[in-house]
Amino acid sequence: RSHFGSSQCCTRVAPTLRVPAAMAEFQSLLENIDNFKGLLVKHEEVIHQKKVVLQEKKKIAADMQAEIDELTKEFDGMEHRKQELEKTIEEAEKAYSRITQSTQTLQAVIQQEFHRFQDPDPMGSQKLAGSPKS
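Numbering-wise (our numbering), the sequence shown opens with residue 67 and increments by one.
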């Protein structure tokens with residue numbers, strides 16, 4: 067017995083019934099393929115739109131980063147200038163303190179000299195007072 071000659075292997079269908087059914091399935095497959103092609107076109111349009119939006123967002127982000135970098139540079143410069151000003155103020159206050167101290171010292175010396183010249187013999191009168199009278 068051959069395998070192909072057996073009636074148990076395959077049921078025979080009339081060829082005229084199988085061809086229209088197969089054609090209907092092929093037509094259905096073609097419609098599905100067309101539907102997928104339509105979906106692909108729509109998907110490609112969405113991808114293109116997203117790509118455009120992404121490029122716009124990247125440009126905005128790059129512009130913002132450039133602005134941030136510029137502001138950071140400006141801020142750093144201002145911070146440096148602030149430190150320089152604080153140092154200048156500190157040095158000026160030290161100088162003012164030295165000038166004030168020097169002025170007070172000078173004023174004390176001038177007053178001492180002024181008092182010394184107002185009393186022509188400040189030590190002489192004490193000597194006379196302490197010495198015996200003749």
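The C-beta atom is built at its ideal place from N, Cα and C for all residues, glycine as well.
What does the Cβ neighbour count give for residue i, buried or exposed, with the cut at 16 atoms within 10 Å?
i: histidine 69; result: With a pLDDT of 48 at histidine 69, under the threshold of 50, the predicted position of this residue should be treated as unreliable, though the coordinate-derived value follows. Histidine 69 comes out exposed.
Starting from the N-terminal side, write out each stretch of the alpha helix (DSSP H) that is 4 residues or longer and does not extend beyond the region 92-146. none
Unbroken stretches of the alpha helix (DSSP H), 4 residues or longer, contained in the region 150-193: You should have found no qualifying run.
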